[in-house]
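Chains as they are written, first to last, in numbering that gives the first Met the number 0: chain A, 0 to 309; chain S, 0 to 424.
Here's the structure, in structure tokens; my notes come after.
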Amino acid sequence: MSELLRVEHLKKYFANQKAVDDISFSVSEGEIFGLLGPNGAGKTTLIRMITGIFYPDSGSITFQGKPFDPIHDVRHIGYMPEERGLYKKMKIGEHALYLAQLKGLSRTDALHQVKQWFERLEMQSWWNKKVEDLSKGMSQKLQFVSTVLHEPKLIILDEPFSGLDPVNSNLIKDEIHRLAKNGSTILFSTHRMEQVEEICEKIILVNKGEKILDGTVGAIKQQFKQNHFRIGIPAPTEELLRHAPFDLIRTSEQQQIVQIREGKSTNDVLRYLLDQSIPIHSFEELLPSLNEIFIRLVGDTPAARQFQIA
Amino acid sequence: MYKTFIIIQREYLTRVRKKTFIISTLLFPLLYFGLIFGMGYLAENSKQVLNIALIDESGYFKQTELDQENAIDPSSKVSLVSSKATDVLRDPEAAGFDGFIRMPALDWQKGNDSIFLESKKSYGSGTTSAVQAKLNRIWNRIKNDSLSIDESQQAILQMSQLSIRPKNMEDASANANLAEVIGYIAGLLIYFILLIYGSQVMMGVMEEKTNRIAEVLVSSVRPFQMMMGKIIGIGAVALTQFLLWIGFVFLIYNVTKASGNNMSAASEIVGTMQEVITGINMPLILFCFGFYFLGGFFFYASLYAAIGSAVNEDLREAQSLSFPVTMLVIISIALMTTAIANPTGPIAVWGSLIPFSSPIVMMARIPYGVPGTVPWWQLGLSMLLLILGFLGTVWFAAKIYRTGILMYGKKPSWGEMLKWVFRKS
Numbered sequence: 000m001s002e003l004l005r006v007e008h009l010k011k012y013f014a015n016q017k018a019v020d021d022i023s024f025s026v027s028e029g030e031i032f033g034l035l036g037p038n039g040a041g042k043t044t045l046i047r048m049i050t051g052i053f054y055p056d057s058g059s060i061t062f063q064g065k066p067f068d069p070i071h072d073v074r075h076i077g078y079m080p081e082e083r084g085l086y087k088k089m090k091i092g093e094h095a096l097y098l099a100q101l102k103g104l105s106r107t108d109a110l111h112q113v114k115q116w117f118e119r120l121e122m123q124s125w126w127n128k129k130v131e132d133l134s135k136g137m138s139q140k141l142q143f144v145s146t147v148l149h150e151p152k153l154i155i156l157d158e159p160f161s162g163l164d165p166v167n168s169n170l171i172k173d174e175i176h177r178l179a180k181n182g183s184t185i186l187f188s189t190h191r192m193e194q195v196e197e198i199c200e201k202i203i204l205v206n207k208g209e210k211i212l213d214g215t216v217g218a219i220k221q222q223f224k225q226n227h228f229r230i231g232i233p234a235p236t237e238e239l240l241r242h243a244p245f246d247l248i249r250t251s252e253q254q255q256i257v258q259i260r261e262g263k264s265t266n267d268v269l270r271y272l273l274d275q276s277i278p279i280h281s282f283e284e285l286l287p288s289l290n291e292i293f294i295r296l297v298g299d300t301p302a303a304r305q306f307q308i309a
Numbered sequence: 000m001y002k003t004f005i006i007i008q009r010e011y012l013t014r015v016r017k018k019t020f021i022i023s024t025l026l027f028p029l030l031y032f033g034l035i036f037g038m039g040y041l042a043e044n045s046k047q048v049l050n051i052a053l054i055d056e057s058g059y060f061k062q063t064e065l066d067q068e069n070a071i072d073p074s075s076k077v078s079l080v081s082s083k084a085t086d087v088l089r090d091p092e093a094a095g096f097d098g099f100i101r102m103p104a105l106d107w108q109k110g111n112d113s114i115f116l117e118s119k120k121s122y123g124s125g126t127t128s129a130v131q132a133k134l135n136r137i138w139n140r141i142k143n144d145s146l147s148i149d150e151s152q153q154a155i156l157q158m159s160q161l162s163i164r165p166k167n168m169e170d171a172s173a174n175a176n177l178a179e180v181i182g183y184i185a186g187l188l189i190y191f192i193l194l195i196y197g198s199q200v201m202m203g204v205m206e207e208k209t210n211r212i213a214e215v216l217v218s219s220v221r222p223f224q225m226m227m228g229k230i231i232g233i234g235a236v237a238l239t240q241f242l243l244w245i246g247f248v249f250l251i252y253n254v255t256k257a258s259g260n261n262m263s264a265a266s267e268i269v270g271t272m273q274e275v276i277t278g279i280n281m282p283l284i285l286f287c288f289g290f291y292f293l294g295g296f297f298f299y300a301s302l303y304a305a306i307g308s309a310v311n312e313d314l315r316e317a318q319s320l321s322f323p324v325t326m327l328v329i330i331s332i333a334l335m336t337t338a339i340a341n342p343t344g345p346i347a348v349w350g351s352l353i354p355f356s357s358p359i360v361m362m363a364r365i366p367y368g369v370p371g372t373v374p375w376w377q378l379g380l381s382m383l384l385l386i387l388g389f390l391g392t393v394w395f396a397a398k399i400y401r402t403g404i405l406m407y408g409k410k411p412s413w414g415e416m417l418k419w420v421f422r423k424s
């Protein structure tokens, strides 16, 4: 896969705050890439630089192998901001047409695309309705359609699921996967870690304007695993635990969460349990959630507490 | 360019298609003409006859002469009353009069300047001066008789007057009275356009911010295109409304002319318009009107756009921030009044050169004649300065707009907004 977007040493300082402080990462074509971080971490500022709304103070953005040109490259970017809205008094069909034309599509192309998308998402009957008559979920759908109408190479979605019910969330999720399969690259920004685990292949984690870590979701979890396992055995006796190659973390009647001691392997654990003739129902590695990893990385800061509540 | 055009198109069409646009376009001239005709009708039909008792202690006034004068000016009826009629003095209304005048013993060579029209209600100077004129005509005849001036000599005394009117040497068509009227109308029209459509620009920008569509838009178009699209689109709406009104006026003019209507008010309008069209340099005035309308609109609309981008949904914030700008427009109207009274005075000249007031003040001066009252160099300089002025405000506003449109939270002060303008991007 070739590289679509490369961001190098990007910086943006506002009067009294480092909104984005030396962030670098790259996104390949067809990837679903997660931009993660608490509110105020600098995600929106970062995105605004990638969409050409802000100029970076320093650093470079490369799009499709060339320096990013805000005037021409916006044609290939679709951006759905977190703060998104529509003109209330406009008709829905006209509204979608208008936004498509602002992306540079001719009226005929725009009409063709809007019709196709309205058909796929079963929105044809909405054409002459006014935006103010739409429910929140319906207008989110219209916003999503407006974002992808012009077949952008890079689709940037900032908190796309906020305010959506599960049915519409799933619909958008399916569309995201479909677009990625058809070759679009998706940059997905959120503070909801659990959504990222489901959708994204690669992520970058930012806090207070700085990159904390990046990589594939699987690799990150491997990197931060703590040798925690869930074992399907009855609650162990003290006698059993005394010589065991693991420490008990949490216990219940049928399942035990344990941490394997330094220098021991899973086979050591299994062998020990078999030697004691304890029936094993299940044995499973527990990988940390991105939430846990984040909290471990930033410690007990206000940013971390925000996640614990979420 | 294509994107700016798309924005202009949307801004224009959504406004022109609105019912309020159609209604206000139709209603304004109807209200305007309704007011003129209505006032004429009221003035014609609601004339009350003022019944005044004259208690003449001088012995100069006779009922026959008063009757003659009453017939000439029927707005009041003055009747002689005996000086013993104390009931009139006590309560004129009970005696059937609206008021009374007690004429003291007079010396015809001196007259008297403290005669009162006494009444229970108060009458304005218009009413009293009509009565005064009536009695003075009789008084003049009394003086003439005393001086043994006969009727033909009297006529000479009355008719022979010196009348001085302004006449422009350079521009034969200049007509000061007409210029005053046209100047007023042109100045006021620009004033209304600046205020009404300027605030429409401000509201439009605020709407985009409150709706949270601003960020969706700035990811597709430059903020500058967004702002200019809005300003030009709304300017086009103003221009459309304007052309419709001009069309409307010409329609009425032609209809009333063709129907040969002898309604006094209608034929008066036709007469005035003919005088206007033939009496002044119409093409120049129309061209200048178009120029100052556009220049002034760009100048102020960009400032209003900047304010709209800086505030949040709160209308009071917008009002307090736009107060200085609105004050500039109002000051211009004050300058215009001075300029009309004295179109070559220093206030008129400076007011018509400085860009913030030139659209209103210059438009009030131009009907007095170019190059007679307004030399070509002043007109040229004023136009150049206005172009520089609006390029300046557009540049200034674009800087504020860029930052303001994505800024939520506390309302910035003018000081903070100036910082946005002058920091490096």
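The beta-carbon is built from N, C-alpha and C at its ideal position, and this holds for glycine as well.
Please state the DSSP three-state secondary structure of residue i.
| i | result |
| --- | --- |
| A:A309 | Because A:A309 sits at a pLDDT of 42, beneath the cut-off of 50, its placement in the model cannot be relied upon, and the point is left open. |
| S:R221 | coil |
| A:A18 | strand |
| A:D274 | helix |
| S:I100 | strand |
| S:M202 | helix |
| S:T127 | helix |
| S:V80 | strand |
| A:K129 | strand |
| A:T107 | helix |
| A:M79 | strand |
| S:L384 | helix |
| A:F32 | strand |
| S:I114 | coil |
| A:P66 | strand |
| A:H71 | helix |
Going by the beta-carbon positions, is the gap between residue i and residue j smaller than 8 angstroms?
| i | j | result |
| --- | --- | --- |
| A:I279 | A:V257 | no |
| A:I155 | A:Y78 | yes |
| S:I359 | S:I329 | no |
| S:M335 | S:A363 | yes |
| A:D157 | A:I46 | yes |
| A:K152 | A:L3 | yes |
| A:L289 | A:V195 | yes |
| A:D21 | A:K10 | yes |
| S:A237 | S:F288 | no |
| S:K410 | S:V310 | yes |
| A:V26 | A:T215 | no |
| A:L141 | A:I91 | yes |
| S:S218 | A:I52 | yes |
Let's test the definition: count the other Cβ atoms within 10 Å of the Cβ of residue i and tell me whether it reaches 16, buried, or not, exposed.
| i | result |
| --- | --- |
| A:A18 | buried |
| A:N206 | buried |
| S:L25 | exposed |
| S:M326 | exposed |
| S:P427 | Outside the modelled stretch of chain S, which goes from 0 to 424, sits residue 427 of chain S, for which no answer is possible. |
| S:W375 | exposed |
| A:Q253 | exposed |
| S:F355 | buried |
| S:L302 | buried |
| A:D72 | buried |
| A:P66 | exposed |
| A:F143 | buried |
Segment contact flag, the region 262-279 of chain A with the region 169-181 of chain A, C-beta cutoff 8 angstroms, min 3 pairs:
no
Just list the alpha helix (DSSP H) runs in the region 6-57 of chain S, keeping only unbroken ones of 4 residues or longer that don't cross its boundaries, in chain order.
18-44
Using a Cβ distance threshold of 8 angstroms, determine whether the region 194-214 of chain S contacts the region 229-248 of chain S, with at least three qualifying pairs required.
yes
Between the region 85-99 of chain S and the region 44-58 of chain S, are three or more C-beta pairs nearer than 8 angstroms?
yes
Sequence ranges, alpha helix (DSSP H) only - wholly within the region 143-210 of chain A, length at least 4:
165-180 and 192-198
Does the region 106-113 of chain A come into contact with the region 178-190 of chain A, if we say contact requires no fewer than three beta-carbon pairs (one atom in each stretch) closer than 8 angstroms?
no
In chain order, what are the residue ranges of uninterrupted alpha helix (DSSP H) at least 4 long that sit wholly in the region 38-64 of chain A?
42-49
Could I get the ranges of all uninterrupted alpha helix (DSSP H) runs contained in the region 284-363 of chain S, with 4 residues as the minimum, in chain order?
314-340 and 345-352
Go through the region 131-160 of chain S residue by residue and report every complete run of the beta strand (DSSP E) that reaches 3 residues or more, in order.
none
Whole beta strand (DSSP E) elements within the region 213-250 of chain A, 3-residue minimum:
227-230 and 245-250
For the region 136-145 of chain S against the region 56-72 of chain S, are there 3 or more C-beta pairs whose distance is under 8 angstroms?
yes
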